[in-house]
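I have placed the structure first, in the form of structure tokens, so that the comments after it can refer back to it.
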Amino acid sequence: MTTVHNNIVSGPEERPIPAHLSFGQYLFDQLKKGGDRAALVSAETGESKSYNFFLQNSVNLALTLQELGLKKGDVVSLSSENRFEFIVTSLAVIYCGGVLSTLNITYSPGEIIHILNITKPKFVFTSPITAQNVYDSCKDLSYVKHIITFGDFDVIPGLMYNDLMKKEHNNVEDFSLVDVNGVEDTVAVMCSSGTTGLPKGVMLTHVNFLTLCAHYKYYFDSVQEKKNVPIVTGLALIPWFHAYGFITTFALMAMKIRIVFLIRFEGEKFLETIQNYKINMTTIVPPLAVFLAKHPLVLKYDLSSLHEVWCGAAPLSSEIQKAVTKRTGIDFIKQGYGLTEATMACCVDLTSGEKVGSCGTPAPGMKIKVLDIESGEKLGVEQEGELWIKTPLRMKGYMGDKAASDALFDGEGYVRTGDIGYYDKDGFFYIVDRLKELIKYKGFQVAPAELEALLLQHSGVADAGVVGLPDELAGELPIAFVVPQPNSNVTEKELIEYVASKLSPAKHLRGGVIFINEIPKNASGKILRRELRTMLSKQKSKL
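Residue numbers (full-length UniProt numbering): 1 to 543.
Next comes the structure, spelled out in structure tokens:
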């Protein structure tokens, strides 16, 4: 039950987790219980793999990795789209007491090197589509001992995953997982951008993941009891390298919910998959909600099996929520709110549409306070301020950046979110804006400072400021305000192509470039982004 006391909103009681405090042991046990039932199905190929398949193959790979030198605490990086090998590799690393570091497959070599230098992995797994970038990034790094490629062709030097899997090992009953201290030991490093620019490595523990899995079970039990309709098959579309996609997929596997997965979003394939596999539940991001609300293709498919849809990674407008329900008959789309630094899910709306626009109430064991931006005073009902969260889901810290970690926590253990919002009298939260300067493009975080630093390297640019241009489909599009060098003939097209050649797709200047005479700044030199957004609004009103 959600309570509001002394201007702090508290969620229900914390859910119990296994006493062994090992995320690997928990997953191992659930796979054994799953047996020969289908665990994952590839929507592209129709190929299905059982729980026993993942159990045996993950044990085989874990033993092989240990023979190759993987020890407890070693970092293993994984750069791959959604595929069966992603799951097997993740499980194997976790069994060994290793630390899994997932890499965004759209990262450029420069971005990959930045993360690798933070995590210093001993092993790097890659799929063929990212292999060349990964190899170019790793080849001169002494701490990378092995690069292992998925697939049938050795597109880069190194080991082949399929060759490693040919080695036969003992029965899984004889396998022992490496002992861990679930409270302290990091199980995964997930990327999250800070306002200072390049991504940071968020260290999450075994207890973080175990707790979130317990929360997912609580959420699913609640909605199934309320609707009296079972959730049998889920659709996984969100990339597993993203914390949102990663933990949701493993939580569903642990609950024995069959998962049909897609590698990428293609409208017809997405709808066809829901129809043909009778998908009951899926997680989406706002651009997908817009697709469901507006695209003509949607009306050609039977989506009646889909009765549980969760939307996260960025705010979803109440207008789109209502439009999807009205147009498709899909039950109310539930919004959630979270951040990687708090293992994602901080609030979930478990209503049936009574609180449209809300991201829900605090998760079990969680407390949220809203502080005045200027005074730091705790605020009451319907008062907008910055959200601070206290939770067992709190990250261990940023890898290799203690100063940034310490700056994120207050003396009571609350995590600063950088998000502006408020709560109503029932303890439901509404996200209004972000205090942080991050741009959210289709659920991916884009740091303006990184784009500005790159633009300033261009010979035709004297100064630059970057903000997000509101966009119904993507959430926000990065747009640059640029002061050109005197006598420079630099063009918008030139700068857009320049950024596109240096950074991953989410960071491209899809909002365009506006040339101005001066970037507004305060006395200390900080860019006044609010003034840049005001310029955008004025320009839009003239159109």
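Ideal placement from N, C-alpha and C gives every residue a C-beta, glycine not left out.
Inset, instruction - With a 10 Å radius around its C-beta and 16 neighbouring C-beta atoms as the bar for buried, classify Thr3 as buried or exposed. - result: The count along the sequence shown starts at 1 and reaches residue 3 at position 3. Counting Cβ neighbours within 10 Å, Thr3 comes out exposed, since fewer than 16 surround it.
Inset, instruction - Examine the Cβ distances between the stretch 438–451 and the stretch 503–515 and report whether three or more of them are shorter than 8 Å. - result: yes
Inset, instruction - Throw me the rounded Cβ distance for the Gly338 and Gly312 pair, which I believe falls under 8 Å. - result: In the sequence shown, counting from the first residue as 1, residue 338 sits at position 338. In the sequence shown, counting from the first residue as 1, residue 312 sits at position 312. Yes, Gly338 and Gly312 are in contact; Cβ-Cβ is about 7 Å, under 8 Å.
Inset, instruction - Name, in chain order, the residues that DSSP records as bridge partners for Asp471. - result: Against the sequence shown, residue 471 aligns to sequence position 471. DSSP output for Asp471 lists Gly475 as bridge partner(s).
Legend entry - Ranges of the beta strand (DSSP E) found wholly within the stretch 173–231, counting only runs of at least 3: 186–193, 199–205
Inset, instruction - Please name the residue or residues paired with Pro484 in a DSSP beta bridge. - result: Residue numbering aside, residue 484 sits at position 484 when the sequence shown is read from its first letter. Answer is Val461.
Legend entry - Residue from Ile259, Lys256, Thr361, Asn117 whose Cα sits closest to the Cα of Ile431: Within the sequence shown, residue 431 is the residue found at index 431, counting from 1. Per the Cα distances, Thr361.
Inset, instruction - Can you give me the start and stop residues for the beta strand (DSSP E) that Val93 sits inside? - result: Reading the sequence shown from its first residue, position 93 is the one you call residue 93. Here Val93 belongs to no beta strand (DSSP E); instead the alpha helix (DSSP H) covers 84–95.
Inset, instruction - Pull up the distance between the alpha-carbon of Lys402 and that of Pro392, whole angstroms please. - result: Residue mapping note: residue 402 aligns to position 402 of the sequence shown, counting from 1. Residue mapping note: residue 392 aligns to position 392 of the sequence shown, counting from 1. If you take the alpha carbons of Lys402 and Pro392, they lie about 19 Å apart.
Inset, instruction - Quickly, what does DSSP pair Phe515 with across the bridge? List them, please. - result: As a working note, residue 515 is residue 515 in the sequence shown. For Phe515, which the question treats as bridged, DSSP gives the partners Val482.
Inset, instruction - Leaving out five residues on either side along the sequence, give the residues of the same chain with a beta carbon under 7 Å from the beta carbon of Thr196. - result: Along the sequence shown, read from residue 1 onward, the residue named residue 196 stands at position 196. With a pLDDT of only 46 at Thr196, under the threshold of 50, the placement of this residue in the model should not be trusted; the figure read from the coordinates follows. Excluding sequence neighbours, Thr196 sits near Ala449.
Legend entry - Collapsed DSSP secondary structure at Ser524 in the structure displayed: Counted from its first residue, the sequence shown places residue 524 at position 524. Caution applies to Ser524, whose pLDDT of 45 falls short of 50 and renders its modelled position unreliable; the model cannot decide the point.
Inset, instruction - Tell me Tyr337's beta-bridge partners as DSSP assigns them. - result: Here residue 337 corresponds to residue number 337 of the sequence shown, with the count starting at 1. DSSP output for Tyr337 lists Cys347 as bridge partner(s).
Legend entry - Collapsed DSSP secondary structure at residue 559 in the structure displayed: Any property of residue 559 remains undetermined from this structure, which presents the chain solely from 1 to 543.
Legend entry - Bridge partners - Thr233, DSSP secondary structure assignment: Here residue 233 is taken as the residue at index 233 of the sequence shown, counted from 1. Per DSSP, Arg258.
Inset, instruction - Taking only runs that begin and end inside the stretch 7–62, name each unbroken alpha helix (DSSP H) of 4 or more residues, in chain order. - result: 23–34
Inset, instruction - Indicate whether the contact test is met: 3 or more Cβ pairs, each with one atom in the stretch 407–427 and one in the stretch 230–241, closer than 8 Å. - result: no
Inset, instruction - Take every Cβ of the stretch 71–85, pair it with every Cβ of the stretch 112–127, and state whether three or more of those distances are shorter than 8 Å. - result: yes
Inset, instruction - Report yes if the C-beta distance between Tyr135 and Ile147 is below 8 Å; otherwise report no. - result: Reading the sequence shown from its first residue, position 135 is the one you call residue 135. Reading the sequence shown from its first residue, position 147 is the one you call residue 147. Yes. Within cutoff.
Inset, instruction - Take the Cβ of Met1 as the centre, count every other Cβ of all protein chains shown within 10 Å, and call the residue buried at 16 or more, exposed below. - result: Position 1 of the sequence shown, counted from the first residue, corresponds to residue 1. It counts as exposed.
Legend entry - Cβ pair Leu177, Gly24 closer than 8 Å: As a position in the sequence shown, residue 177 is number 177, starting the count at 1. As a position in the sequence shown, residue 24 is number 24, starting the count at 1. Closer than 8 Å, so yes.
Legend entry - Simplified DSSP state of Cys138, which is helix, strand or coil: Numbered from its first residue, the sequence shown carries residue 138 at position 138. DSSP places Cys138 in the helix class (H, G or I) of the three-state scheme.
Inset, instruction - Verify the CB distance criterion: does Cys138 have a CB-CB separation below 8 Å to chain C? - result: Judged by its chain identifiers, the structure shown contains no chain C, having just a single protein chain.
Inset, instruction - Can you tell me the Cβ-Cβ gap for Arg394 and Ala342, rounded? I've got them flagged as a contact below 8 Å. - result: The residue labelled residue 394 in the question sits at position 394 within the sequence shown. The residue labelled residue 342 in the question sits at position 342 within the sequence shown. Contact flag correct, Cβ pair sits at about 6 Å.
Inset, instruction - Determine the burial state of Lys440: buried for a count of at least 16 other Cβ atoms within 10 Å of its Cβ, exposed for fewer. - result: The count along the sequence shown starts at 1 and reaches residue 440 at position 440. Within a 10 Å sphere around the beta-carbon of Lys440 sit 16 or more other beta-carbons, which makes this residue buried.
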